[in-house]
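K.L.:
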Amino acid sequence: MMKKCADIIVDWLIGCSVVEKTEKELYSYAVYSLFLSISPLLLAIVFGIGMGCMRQSVLIILPFVIIRKFSGGYHTKHAWSCMIWSCLLLILCIILSLRVSCGWMLVFTTAGASVSLMYFSPIDNENRILSLEERIRYKKVTTILVVIFLILDFVFFFYMLYIYSICISIGIILSAGLQYPCILRKLIILIKKKRMKMTK
Numbered sequence: 000m001m002k003k004c005a006d007i008i009v010d011w012l013i014g015c016s017v018v019e020k021t022e023k024e025l026y027s028y029a030v031y032s033l034f035l036s037i038s039p040l041l042l043a044i045v046f047g048i049g050m051g052c053m054r055q056s057v058l059i060i061l062p063f064v065i066i067r068k069f070s071g072g073y074h075t076k077h078a079w080s081c082m083i084w085s086c087l088l089l090i091l092c093i094i095l096s097l098r099v100s101c102g103w104m105l106v107f108t109t110a111g112a113s114v115s116l117m118y119f120s121p122i123d124n125e126n127r128i129l130s131l132e133e134r135i136r137y138k139k140v141t142t143i144l145v146v147i148f149l150i151l152d153f154v155f156f157f158y159m160l161y162i163y164s165i166c167i168s169i170g171i172i173l174s175a176g177l178q179y180p181c182i183l184r185k186l187i188i189l190i191k192k193k194r195m196k197m198t199k
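Residue 0 is where the sequence shown starts when you use numbering that gives the first Met the number 0, and the numbers rise one by one after that.
1. Which whole-angstrom value describes the C-beta separation of I60 and L40, a residue pair presumed to lie in contact below a C-beta threshold of 8 Å?
2. Got a sec? Which residues, its chain only, sit under 7 Å from K185 by beta carbon, not counting five neighbours each side?
3. Indicate whether the contact test is met: 3 or more Cβ pairs, each with one atom in the stretch 163 to 172 and one in the stretch 96 to 114, closer than 8 Å.
4. Could you check if C15 is buried or exposed, using at least 16 other CB atoms within 10 Å of its CB as the buried criterion?
5. Relative to the C-alpha of S116, which residue among L95, E133, V140 and I150 is closest?
6. Compare the C-alpha of L173 against each of F156, Y161, W103 and L87 and name the closest.
7. So for C52, helix, strand or coil by DSSP?
8. For S137, count neighbouring Cβ atoms within 10 angstroms of its own Cβ and tell me buried if that reaches 16, exposed if not.
9. In the stretch 87 to 141, which residue ranges form an unbroken alpha helix (DSSP H) of at least 4 residues, counting only runs that do not cross its ends?
10. Can D123 and L129 be called in contact, C-beta distance under 8 Å?
11. Drop a sphere of 10 angstroms on the beta-carbon of F148, count the other beta-carbons inside from all chains shown, and report buried for 16 or more, exposed for fewer.
12. Does the beta-carbon of V145 have 16 or more other beta-carbons within 10 angstroms, so that it is buried, or is it exposed?
13. According to DSSP, is M195 helix, strand or coil?
Written as structure tokens, this is what we have:
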């Protein structure tokens with residue numbers, strides 16, 4: 000669906016003589032990538048309006064979208080499955096933000112997720128393996144972003160805006176949580192390699 004929308008937009012741009020017909024594939028990919036980037040925010044706004052908590056849903060998705068851009072994590076193989084899982088996760092996170100209390104359990108979970116993000120990031124995407132320089136840069140950027148969101152979390156907590164503090168925490172936890180399937184897969188592969196070496 001997003002691919003078709005991207006093609007329609009590019010066809011319109013070609014019709015307006017803004018884009019050359021020979022560059023259609025390039026611009027279609029660019030528009031499609033843009034849709035993928037902003038779709039979580041659009042979903043958050045839609046679900047937030049539908050559930051009567053738009054600020055909370057946007058505050059959950061912002062740390063996730065911004066941190067995940069550099070930290071990496073689990074990706075589904077198809078855009079449609081990505082959209083379904085994104086919707087389900089977002090709804091779950093919004094419900095959690097309305098049910099979770101701002102206590103020590105959330106503080107420790109957020110701290111653990113933050114340390115995990117700083118340590119394990121970045122996680123390569125199968126479609127694009129990062130170079131050593133990119134890995135160093137992405138790790139630094141992830142660490143800086145996590146620290147910024149932790150400070151923002153603390154500011155909300157300090158001014159007793161607990162619901163917003165909870166939302167930032169959930170966004171950080173979600174970013175770390177989507178790294179764990181990749182970490183577990185790498186760990187399993189490593190264990191298998193070690194066993195193979197031992198049996199030789």
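By construction, the Cβ of each residue, glycine as well, lies at the ideal position given by its N, Cα and C atoms.
P.N.:
Concretely, from the data shown:
1. Taking the first residue of the sequence shown as 1, we reach residue 60 at position 61. Taking the first residue of the sequence shown as 1, we reach residue 40 at position 41. Correct: roughly 6 Å between the Cβ atoms.
2. Residue 185 sits at position 186 when you count from the first residue of the sequence shown. So no residue of the chain qualifies.
3. yes
4. On the sequence shown, position 16 is the one that residue 15 refers to. Exposed.
5. Position 117 of the sequence shown, counting from 1, holds the residue named residue 116. According to the sequence provided, residue 116 is Leu. The question's Ser does not apply to it. Out of L95, E133, V140 and I150, V140 has the C-alpha closest to the C-alpha of L116.
6. Here residue 173 refers to the residue found at position 174 when the sequence shown is read from its first residue. Of F156, Y161, W103 and L87, the residue nearest in Cα terms is L87.
7. Walking along the sequence shown from the start, residue 52 turns up at place 53. C52: coil per DSSP, three-state reduction.
8. As a working note, residue 137 is residue 138 in the sequence shown. Inspection of the sequence shows that residue 137 is occupied by Tyr rather than by Ser. By the 10 Å Cβ count, Y137 comes out buried.
9. 103 to 119
10. Locating residue 123 in the sequence shown gives position 124, counting from the first residue. Locating residue 129 in the sequence shown gives position 130, counting from the first residue. Cβ distance < 8 Å, so D123 and L129 count as in contact.
11. By 1-based counting over the sequence shown, the position of residue 148 is 149. Classification for F148: buried.
12. As a working note, residue 145 is residue 146 in the sequence shown. Buried is the call here.
13. What you label residue 195 is simply residue 196 of the sequence shown in a count that begins at 1. Looking at M195 - three-state DSSP - the assignment turns out to be helix.
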